Structure formats: C-alpha cells, structure tokens
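Here is the structure we will look at.
There are 2 protein chains.
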Amino acid sequence: MIALPAKIADLDTPALLIDLDIMERNLRRMADYTAEHGLRLRPHTKTHKIPALARQQIDLGAVGLTIAKVGEAAVMLAADPPDLLLAYPIVGKRKLDRLMEVAKRAPVTVSLDSLTVARELSEAAAAAQIEIGALAEIDVGLGRVGVQPSDAADLARNIAQLPSLRFEGIAFYPGHIKTLDDEGRRALAALSTLLSGVVRDLKQAGLPPRIVSGGSTPTMFHSHEVAEMNEIRPGTYIFNDRNTVFSGACAWEDCAASILATVVSTAKPGQMIIDGGSKTFSSDRPVNNDVGFGRLINAPAAVFTKMNEEHGFIDIHSVDESFSVGDRVRIIPNHVCVAMNLHEWVYGVRGNSVEQAWRVEGRGKLQ
Amino acid sequence: MIALPAKIADLDTPALLIDLDIMERNLRRMADYTAEHGLRLRPHTKTHKIPALARQQIDLGAVGLTIAKVGEAAVMLAADPPDLLLAYPIVGKRKLDRLMEVAKRAPVTVSLDSLTVARELSEAAAAAQIEIGALAEIDVGLGRVGVQPSDAADLARNIAQLPSLRFEGIAFYPGHIKTLDDEGRRALAALSTLLSGVVRDLKQAGLPPRIVSGGSTPTMFHSHEVAEMNEIRPGTYIFNDRNTVFSGACAWEDCAASILATVVSTAKPGQMIIDGGSKTFSSDRPVNNDVGFGRLINAPAAVFTKMNEEHGFIDIHSVDESFSVGDRVRIIPNHVCVAMNLHEWVYGVRGNSVEQAWRVEGRGKLQ
C-alpha cells in the first residue's frame with residue numbers, strides 16, 4: 026500500500042483519479058441494461074486492469090470477465106471470476122502453458138480464428154487434462170481478426186472435433202461502427218442480418234451456438250437491437266473517456282476518470298505546460314477528426330494541443346481564467362484504457378476526498 | 026529476477042530486445058565524440074530507465090545523469106551517479122520533499138524557468154540544509170519551457186540571490202530543429218548567435234555560466250559546432266529508433282532496440298496481425314510525415330499501418346515472403362523511450378542468444 030492523503034489537494038501529480046459516484050452509476054447502468062434485455066455481461070477488464078473493480082462488476086451480475094493477455098488473466102484470478110474469456114488468439118507453447126495454469130483455477134474460454142490456434146490449444150488442454158471453451162471469431166467488418174462469416178461453420182466444426190475443446194459459440198467485434206449516425210445504424214442492421222445467417226449455418230451444422238458474444242462501446246446501449254447476440258463485452262463503460270463522448274455513447278458527466286496535473290510553466294504567453302505528457306496520457310488521438318489529447322474539466326475551451334513525454338502543451342488563448350505555476354487541472358483523457366496502463370496507482374475520489382488507492386495490477390501485462 | 030531463456034526463440038512475446046553489440050557501439054561513439062570535443066556528457070536516462078545502463082554511461086565518462094521526474098531520480102541513485110540533473114521544473118511541496126531525500130544521497134541540480142519554482146526550491150533546500158544547483162532554462166525556439174533569452178540574466182540574478190541555491194549556468198533544448206537540412210543548419214547557426222548573447226549578458230551580470238547545457242538527438246553529433254555549449258544531455262543515442270533514423274542522426278544499423286512479436290492472425294489476405302499494439306509500441310507517430318508504427322527488420326517493405334491496444338496491423342501486400350500464425354518478427358519502434366516505459370522487462374541479446382534481462386526500474390515513475 027501507499028500513504029493515502031485524505032484530500033485531492035494533497036495528492037502529488039500527475040495522478041489518475043476515478044470519480045466513484047460516476048463510476049458506480051456507470052456500473053449500475055450497464056448492469057441494469059443487460060439485465061433488462063437478458064444479455065450476458067462479460068466486461069473487458071483491459072479498461073481498469075484492477076481485480077477489485079472486476080469483482081464489483083461480478084457482484085453486479087457479470088457472468089465472467091474478458092481479457093486479452095494471459096498475464097492479465099492471471100492477475101484477474103484475484104477477482105475469483107466465475108469464468109474468463111481470453112478474447113485473443115493465444116499462440117505459442119509458453120503462453121499456452123501459462124494459460125493452462127490459469128485454467129486450473131477458473132473456467133477458461135478462448136476466441137480464435139485459425140485451425141493452427143485451435144489445434145495448439147487443444148493439444149495444450151489435452152496435455153493438462155482440462156477442457157477449454159472455444160468461440161469461433163468472426164470478422165464482421167473491422168478486418169482485424171476473425172474468419173469470414175461464410176467460413177464460421179467450418180471453423181466451428183473443426184473446433185468441435187478437437188479433443189479437450191468445447192465449442193461454445195461465436196465472438197466478434199464490430200469496431201467498424203464508430204458512431205450511431207445513419208451509416209452506423211445501417212451497419213448495425215447489417216450486423217443483425219449477418220449474425221442471423223451465421224447462426225442458421227451453425228444450426229444446420231448441428232452446432233447451435235450457446236454464446237453469441239459481441240458488442241462495442243459506441244453501440245453498447247443498442248446491443249439488444251442486434252439479432253442473435255446474447256452476450257456483450259464492454260470495457261470502457263466503467264469510466265468512459267473523451268472518445269466515448271465523441272462516439273455518442275455517453276455525456277461528459279459520465280466520464281469517471283481524469284488526470285490531475287500541475288501547471289509547471291507559463292513562460293510562453295497564451296500557453297501553459299503541465300506535468301504530464303505522453304507517458305501520462307498516452308499519445309492516442311481522438312477517434313473522430315477532433316484535435317487534442319484531453320478535455321480540461323474546468324476549462325473546456327482550453328486546447329491540449331501537443332505532448333512530449335513529460336510535457337503537456339495547453340493552449341489557453343480561448344480561456345477566460347488565468348493560470349499560474351502550481352495551479353492544478355483535471356483532464357479527461359482521449360483513451361482511458363491506455364492511460365490506466367501508464368499509472369502504477371490510481372485514486373478513487375468522492376468530491377474532494379480521496380477514498381481509495383488501487384494498484385493497477387494488470388498494467389503492462391503484455392504477454 | 027525472471028527465468029532467462031538462452032535463446033531469443035524461447036522468449037515469450039511481445040518482448041523488447043536490446044542488441045548489445047549495437048548498444049555498446051552507440052555508447053562508445055557518444056563517449057568518444059564528447060571526449061574528443063571536450064563536451065560534458067550528462068545522458069538523459071528517460072530512454073533506458075535502467076540504473077545498470079546508466080552506470081555503463083558513467084563508466085564511459087558521463088559527468089552525471091539527466092532525469093525528468095523525482096521518482097526517476099530516486100531510481101537512478103542505484104547507479105551511484107556523480108551528479109543528477111532534473112531537467113524539469115519541480116513544483117509542489119511533496120515533490121520537493123522527495124527531491125531533498127534524493128539530494129541527501131547525490132548532488133542535485135534543477136533546471137527551472139520561473140521565480141516561483143526557484144523560490145520554492147530554495148526554501149525546501151534551506152529547510153533540508155542542502156545546497157542545490159540551478160540552471161536557468163531558456164527557450165531557444167521550441168516554445169515549451171524556458172524564459173526568453175533576453176530575460177536569462179534576470180532569472181540568473183534571481184537564482185543567485187536565493188539561499189541554498191547555487192547558480193550553475195543555463196539549460197535549453199533545441200527541439201525545434203528536427204533534422205539538419207539547410208533550414209536546420211541555419212537554426213543551429215542562429216542558436217550559436219543566441220547563446221553567445223546570453224553568455225555575454227550573464228558575464229556582464231557577474232554570473233558567468235559554468236554549465237551551458239543543451240543538445241538534442243537530431244543535432245547530437247554537431248554539438249561541437251554550437252558556440253558556448255559545453256554540455257549535452259542526449260538520451261535516445263543509446264538505442265536509437267525509427268525517428269532517430271528519420272531525423273538523419275543515425276542509420277538503421279544503429280538501432281539497438283526492437284520488439285519481438287508473434288503473428289496471431291492472417292485471416293485477412295494481405296495483412297497480418299501481431300500480438301503487440303499501442304500497449305507495446307506506444308501510439309507515437311513518426312516525427313516526419315512518414316506513416317506507420319515501426320519497421321520490420323527482416324521485411325522493411327511491410328507497413329505497420331494501424332494499432333489497437335493489443336493488435337498490430339501489418340500490411341504485407343508489398344512483401345515477398347509469406348507469413349503464418351506463429352511466425353515471429355522484430356520491429357524497430359518509432360519512439361523507443363515511450364516503448365521502454367511500457368515494458369516491465371527488456372532483454373539484452375547478442376546474435377540469437379539472450380545474455381541479460383533488465384527490469385525497467387524507472388518505468389511509470391510519473392511523479
């Protein structure tokens with residue numbers, strides 16, 4: 026543990042703050058939404074990377090957790106999860122050996138898109154005498170991982186024939202839908218048609234999917250409109266960020282995470298330099314064509330124009346108030362998942378009080 | 026410590042590799058260059074973040090180490106440095122208290138650009154009964170931190186009058202010079218003129234600078250051409266990266282750091298997905314107008330077009346060889362300093378052998 030000051034004013038900077046009122050509201054909203062629509066909720070833990078927060082998600086009804094890397098899965102065992110989905114093709118003997126160690130402690134499912142990965146997983150599971158769930162990953166438009174929808178039944182058949190693998194259904198990520206404008210709504214409707222076809226193919230192959238797992242942040246509260254999908258894996262909803270607002274999926278008031286920073290130089294007129302740059306916020310740019318690396322909560326007219334590793338450049342020409350060295354600002358980052366990954370500790374706050382410090386235990390688990 | 030496999034082929038991925046032959050050549054080249062020209066070398070440790078490598082720099086003649094954050098300074102005490110320069114305005118009581126703890130164990134100098142910072146530092150130093158060196162930071166064209174050159178003597182006078190501060194000279198960072206084309210050479214010549222004026226002003230004020238500290242990666246081997254400058258603080262030179270090549274300051278053969286990654290999906294024709302994205306490489310883009318997030322050492326025609334957190338998208342349309350799931354590639358990152366900050370461990374390799382694992386101890390020290 027670290028020494029925990031009682032007030033935000035006593036925290037050193039830069040520091041990542043989580044507004045607990047907002048976070049708890051975000052968690053409840055998603056739990057209520059998925060319960061109302063009978064959707065399984067398997068939150069992606071890449072956003073918070075903290076077992077204690079994963080536990081809160083499970084306590085609110087999540088059926089399991091989603092993870093990308095085996096190292097993250099090992100960390101999330103501390104949340105005592107009912108189930109772990111590795112939504113990532115796990116390749117290579119070292120990773121598979123480590124995954125089997127995890128699978129001895131919690132049920133594990135892997136989504137995959139190639140026979141190579143399925144065979145290696147099957148062999149590792151057989152050697153460890155464990156059964157592993159498998160989802161056939163389908164590319165629904167992003168062009169990242171996943172077989173074409175017309176090949177889903179073939180992949181499913183291959184999975185189902187392999188020893189120690191249990192075919193569970195399909196997984197996909199509609200990351201090509203950036204916002205629910207007219208084009209986005211058409212893409213969402215097309216997704217329904219596509220999934221209906223895949224599920225029909227699977228049923229004809231004698232492999233009806235128990236799980237049809239998808240969802241994305243921009244579409245998160247429209248998941249019930251997608252035919253056949255019965256599980257979603259949202260991550261960002263716990264905190265939200267500037268990109269979530271830009272996608273139309275939340276309001277500024279729903280952003281729970283901000284970075285507290287200190288003004289360290291005002292030498293150049295119309296500009297201030299803060300003590301956080303790409304090592305604190307990440308270099309991720311806005312998903313839309315907007316500029317800037319964050320939104321100053323109390324001075325939204327300020328423009329966070331540029332970053333070096335430790336310097337944030339804030340243009341304050343359009344801001345009414347003036348700033349001095351030592352002043353503090355709170356900034357909503359573009360992409361909270363990568364920002365969390367840069368912080369060793371984050372702080373849960375309510376009003377001006379610091380209630381909690383969490384070590385970001387899943388940080389930097391690249392393997 | 027972690028288990029260290031003997032061969033690169035046995036490392037799990039993604040992993041950051043340091044080619045030791047190249048690194049050692051880079052270290053010697055800079056040591057020889059600065060010795061030849063009588064320049065003080067105070068390497069910026071932000072690039073490697075590893076005390077054992079800082080120690081190698083000191084053993085090769087570095088007069089001290091450069092650091093941005095107090096947390097990094099504390100880590101670098103393990104290198105037993107002759108001197109630590111915090112090239113960053115240190116603001117706030119908590120940071121100053123921590124800095125004084127560091128200063129009890131090694132001589133400390135701070136570069137600063139405001140009377141506010143100078144006064145707070147003076148008070149903290151007086152309370153701790155320690156003398157701290159101070160450099161007046163000057164803006165030579167980047168527009169980041171630093172007073173205008175015409176105000177340097179005023180700032181120096183203010184520093185010199187404050188108790189427990191020792192005026193040591195000036196610091197600057199010519200980050201506005203991106204490459205030494207004709208425009209860059211003119212800017213370098215202008216820098217000489219500017220510094221000559223500042224040094225003349227300081228002498229007239231009775232405050233001749235003992236240290237005139239500058240330098241940047243693009244200009245590193247032209248530092249001797251800059252009038253009055255007697256110290257440089259290069260960081261990236263130990264490893265170099267894609268941006269160093271683009272700046273003209275090194276060749277591809279001088280890049281010591283690469284990220285070993287595994288192909289995890291080839292589902293989309295003409296593309297492969299590797300097991301590292303923005304959480305492994307950082308989202309930093311090229312400094313020039315080039316595209317891409319890294320250079321595949323063995324397939325330079327491949328284009329690393331896009332990243333998500335855990336997925337790297339590599340366009341292989343222009344590549345002759347084919348790739349399969351499980352194949353491995355080595356990729357030179359755009360910006361090695363931020364990439365190092367994302368890795369918990371990095372590996373020193375020679376040929377196909379793994380000689381060394383280093384924990385990146387200065388990683389994530391934001392405060």
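So the sequences go chain by chain: X and B.
Each number in our numbering comes from the position in the first sequence (counting from 1) with 25 added on.
Each number in our numbering comes from the position in the second sequence (counting from 1) with 25 added on.
Yeah, the Cβ is synthetic: ideal placement off N, Cα and C, and Gly gets one too.
Predicted model only: the values in this text are computed from it and were never measured.
Interface flag, residue i vs chain X, CB-CB below 9 Å
i        : result
B:Arg169 : yes
B:Val100 : no
B:Phe338 : yes
B:Gln81  : no
B:Thr261 : no
B:Leu146 : no
B:Tyr372 : no
B:Thr38  : yes
B:Leu213 : no
B:Val133 : no
B:Ser378 : no
B:Thr91  : no
B:Lys203 : no
B:Ser272 : no
B:Gln173 : yes
B:Lys94  : yes
B:Asp35  : yes
B:Asp138 : yes
B:Gly200 : yes
B:Asp164 : yes
Neighbourhood of residue i by C-beta distance below 7 Å, restricted to the same chain and skipping five residues each side
i        : result
B:Leu36  : Pro30, Leu285, Tyr372 and Val379
X:Gly89  : Arg67, Pro106, Pro107, Asp108, Leu109 and Leu110
B:Asp46  : Arg375
X:Asp315 : Phe271
Below-9 Å beta-carbon distance, residue i vs any chain B residue
i        : result
X:Glu369 : yes
X:Arg388 : yes
X:Glu334 : yes
X:Val223 : no
X:Ile298 : yes
X:Gln392 : yes
X:Ala327 : no
X:Ala177 : no
X:Thr141 : yes
X:Thr242 : no
X:Asp266 : no
X:Thr7   : Any question about residue 7 of chain X goes unanswered here, given that chain X covers just 26 to 392.
X:Asp105 : no
Distance between beta carbons of residue j and residue i, contact taken as under 8 Å
i        : j        : result
B:Asn366 : B:Gly389 : 7 Å
X:Ala56  : X:Leu66  : 7 Å
B:Thr59  : B:Ile339 : B:Thr59 to B:Ile339, Cβ: 38 Å. No contact.
X:Ala292 : B:Val165 : Their Cβ separation, rounded to whole angstroms, is 12 Å, which puts X:Ala292 and B:Val165 out of contact at 8 Å.
B:His201 : B:Leu167 : 5 Å
X:His249 : X:Leu213 : Not confirmed; about 11 Å, so no contact.
X:Glu395 : X:Phe192 : Missing from the structure shown is residue 395 of chain X; chain X here goes from 26 to 392 and no further.
X:His69  : X:Gly260 : 3 Å
B:Lys203 : B:Gly209 : 7 Å
B:Gly387 : B:Lys74  : 3 Å
X:Gly344 : X:Ala326 : Note that residue 344 of chain X is Val in the sequence shown here, rather than Gly. Confirmed, Cβ separation roughly 5 Å.
Residues of its chain near residue i, where Cβ-Cβ distance is below 8 Å and the 5 sequence neighbours each way are ignored
i        : result
B:Gly376 : none
X:Ser136 : Leu110, Leu111, Ala112, Tyr113, Pro114, Ala159, Leu160, Ala161, Glu162, Ala196 and Ser238
Close beta carbons around residue i, own chain, < 6 Å, minus the five adjacent residues each side
i        : result
B:Ala99  : Val127
X:Cys275 : Asn265 and Thr269
X:Arg320 : Arg267 and Ile357
B:His368 : Leu41 and Val385
X:Val361 : Phe264, Asp266 and Ala282
B:Lys331 : Phe338
Chain D contact residues for residue i, given Cβ-Cβ distances below 7 Å
i        : result
X:Thr287 : In the structure shown, chain D cannot be found, because the protein chains are X and B.
Item checked: chain B contacts from the stretch 344-367 of chain X (Cβ-Cβ distance under 8 Å) -> Answer in chain order: Ser349, Val350, Gly351, Cys362, Val363, Asn366 and Leu367.
Checklist line | Within 7 Å of chain B by C-beta, residues of the stretch 111-124 of chain X in sequence order | finding: Those would be Tyr113, Pro114, Val116, Gly117, Arg119 and Lys120, in chain order.
Notebook entry, point to check: Along the chain, which unbroken stretches of the beta strand (DSSP E) at least 3 residues long are found entirely within the stretch 233-279 of chain B?
Noted result: Scanning the stretch 233-279 of chain B from its first residue to its last, the whole beta strand (DSSP E) runs of 3-plus residues come out as 236-239.
Check: What are the uninterrupted segments assigned as alpha helix (DSSP H) that are 4 or more residues long and contained completely in the stretch 172-227 of chain X, given in chain order?
Finding: Fully enclosed alpha helix (DSSP H) runs of 4 or longer: 177-186.
Checklist line | Secondary structure, beta strand (DSSP E): runs of 3+ residues fully inside the stretch 319-383 of chain X | finding: As far as the stretch 319-383 of chain X is concerned, its whole beta strand (DSSP E) runs of at least 3 residues are 319-321, 328-332, 337-340, 353-358 and 370-375.
Margin query: If the cut-off is 8 Å on Cβ atoms, which residues from the stretch 289-319 of chain B count as contacting chain X, listed in chain order?
Written below: Taking 8 Å as the cut-off between beta carbons, the residues of the stretch 289-319 of chain B near chain X are Val289, Ser290, Thr291, Ala292, Lys293, Gln296, Ile298, Asp300, Gly301, Ser303, Lys304, Thr305, Ser307, Ser308, Asp309 and Arg310, in sequence order.
Notebook entry, point to check: When you check each C-beta in the stretch 60-76 of chain B against every C-beta of chain X, which residues fall closer than 7 Å?
Noted result: The stretch 60-76 of chain B vs chain X, Cβ under 7 Å: Lys71.
Checklist line | Whole runs of the alpha helix (DSSP H) within the stretch 116-143 of chain X, excluding any shorter than 4 residues | finding: Every alpha helix (DSSP H) of 4 residues or more that sits fully in the stretch 116-143 of chain X is shown, in chain order, as 118-128.
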